[in-house]
Each structure stands twice: as C-alpha cells, then as structure tokens.
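Read through the structure below, which is laid out as structure tokens, and then see the notes.
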C-alpha cells in the first residue's frame, strides 16, 4: 500500500478531508471521487495502481462523508461538491504544475465527475467512470414518491462477489450504514437532469466501466448517460457477472489493467 498524506481544505460547506497518494516525480495527476456513503480511503487499490503507473493521486471525502464536515450523507447541491473537487484539483496542480489531470469517479462519484467534466472539461486529459449514476437512474424518484424514506441501507453483498469486500464495508466506521436522506435524493434528481441537459464532453477521452450484474446502478440506465455524455470518444468495458464495484471485484485486476491501457492510449507521452 502506498504512503498516504492527509490534507484539509475549506470547502463550500466546511472542512474537506483529502487523501494524497504521492509520487516522487509524477507524470500526471489523478483525482478520484468516491461514491455515496463511502469515503476516499476505500480507493487504496486503485491509487496503488495509478501511483505505480506514474500518477500523484488525490481524493476528497465529500461533504457529509468520511472525515469531512457535514451531516452524514446529506448533500443538498452536487454543484457544491463539484466545486470542492475542483479545489482539490487546484491543490494537486499547485504541487505539480503543468501535469495532465485525469478524473475518475465511481457511482455517485461518477455523477460528480460527469458534472465536473461539463464544467471544467478543458482542464482534463481523461475521464473515467465506474458504475456511474448517470442516465435513467430511477431510485431517487421511487424513494421521493414515498411519504417516508425507508431505512434500507446499501447491501454489502451488492458491491462485489468477493465476500471479504462486503464484510470490510459492513465493518467500516466511516461508511454510512443508514437510510438515504431526502435532501440528497432531491439533489440526485436535480443533478441527473443537469448532466442530461449539460451537453457532451466533446473530444475528452471517456472510459466507462460497469458490471453487468450491478443491481445498485443497473447497466442499461447508466449506458444512456455514458453514451449521451461522450462526445464520440467513448471506450467501454463491461465485466460479466460483476456487481457494483468493479475496482473491488474478483476480477478487479482486469479493471485496473483496463484503466492503465486507456491512460496509455490517451495521455501525452
């Protein structure tokens, strides 16, 4: 596991905890944005592959998540989370000016990354989306139609075929194990619409990774968003039998290899 540094930034709604997996002489920067209810510390595996490939890696805990400020899992406006992520990119660029920047987002982080690319795409060299919440994701609408949000947390078994992944998730004190909250669901619905209406990312190279047994963010609904977001430079890799977290799956090494092959093709040499 690579060495980790900790930073704290002033975010839109309080302090934002940032993890850095440093590289002594990086050739590019990677910004990793995590999913709903989790935190940046769950991305040590991806960060290790990226630092081994020449990246300095940075990842915030979003507001209401991990070690950052805010009521747990409450995000009232994803535009503010994008702004916080951009501040993390500025931190990375101030330490390593002039390097290409790669953005990788998983699940809810895929929604954040998509919106980031629409707002700041000119600053990016590549975009990677894993099981992204984009397109026709129906869960927010279904839950918001109910008088009360049911207390049904994310099932650890839905994450990966590897039972150790679910066990670690269930035991992680920085992971939220309670119900979703109405303000966050409302923000999801608004931002899904904003991404759908926000246009494509033009010539920005886009890699989309998804498990075909993803029950949390079903493949067909996400495909709509990935194809709409792409400006014609979409690379996709669908993993047979994989569940929601391809970077924690039993064939995760294939997912890591796909990421590195994509970056080898797209980053300047």
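Residue numbers (the UniProt record's numbering): 1 to 269. Using N, Cα and C, we set each Cβ at its ideal position, and we do this for glycine too.
If you look at residue 49, you'll find it in the alpha helix (DSSP H) that goes 44 to 52. Considered as a whole, the region 207 to 256 harbours 234 to 239 as its complete beta strand (DSSP E) runs of no fewer than 3 residues, in chain order. Under DSSP, residue 18 forms a beta bridge with 7, 60. DSSP places residue 130 in the uninterrupted beta strand (DSSP E) bounded by 126 to 130.
The beta-carbon separation of residue 16 and residue 58, rounded to 11 angstroms, does not stay under the 8 angstroms limit for a contact. Residue 238 and residue 94 have their C-alpha atoms some 36 angstroms from each other.
Every beta strand (DSSP E) of 3 residues or more that sits fully in the region 96 to 151 is shown, in chain order, as 101 to 106, 126 to 130. Relative to the Cα of residue 115, the nearest Cα in the group 33, 219, 157 belongs to 33. Put simply, the region 159 to 167 does not touch the region 47 to 64. Fewer than three CB pairs are less than 8 angstroms apart. When DSSP states are grouped into helix, strand and coil, residue 31 belongs to the strand group.
Inter-residue distance for residue 14 and residue 8 is about 10 angstroms (C-alpha atoms, whole angstroms).
Burial check for residue 152: the Cβ neighbour count within 10 Å stays below 16, so the residue is exposed. Between residue 150 and residue 179, the gap from beta carbon to beta carbon is short of 9 angstroms.
Selection 117, 137, 138 evaluated against residue 128 yields 117 as nearest (Cα-Cα).
Our two residues, residue 137 and residue 176, have alpha carbons roughly 21 angstroms apart in a direct line. Taking every protein chain shown into account, the CB of residue 90 has fewer than 16 other CB atoms within 10 angstroms, so this residue is exposed.
In this structure residue 3 is exposed. Its beta-carbon is surrounded by fewer than 16 other beta-carbon atoms within 10 angstroms. Residue 140 and residue 228 have their C-alpha atoms spaced approximately 20 angstroms apart. DSSP lists 28 as the bridge partner or partners of residue 55. Counting the other CB atoms within 10 Å of its CB gives residue 214 a total of 16 or more, which places it among the buried residues. The criterion of a C-beta distance shorter than 9 angstroms is satisfied by residue 201 and residue 121. DSSP places residue 182 inside the alpha helix (DSSP H), whose first and last residues are 182 to 197. When 22, 252, 108, 196 are compared, the shortest CA-CA separation from residue 53 is found for 22. Membership of residue 165 in the alpha helix (DSSP H) is indicated by the continuous run 163 to 171. The DSSP-derived three-state label of residue 260 is helix. Here residue 163 is exposed, its C-beta having fewer than 16 other C-beta atoms within 10 Å. Taking C-alpha positions only, residue 260 is separated from residue 187 by approximately 32 angstroms.
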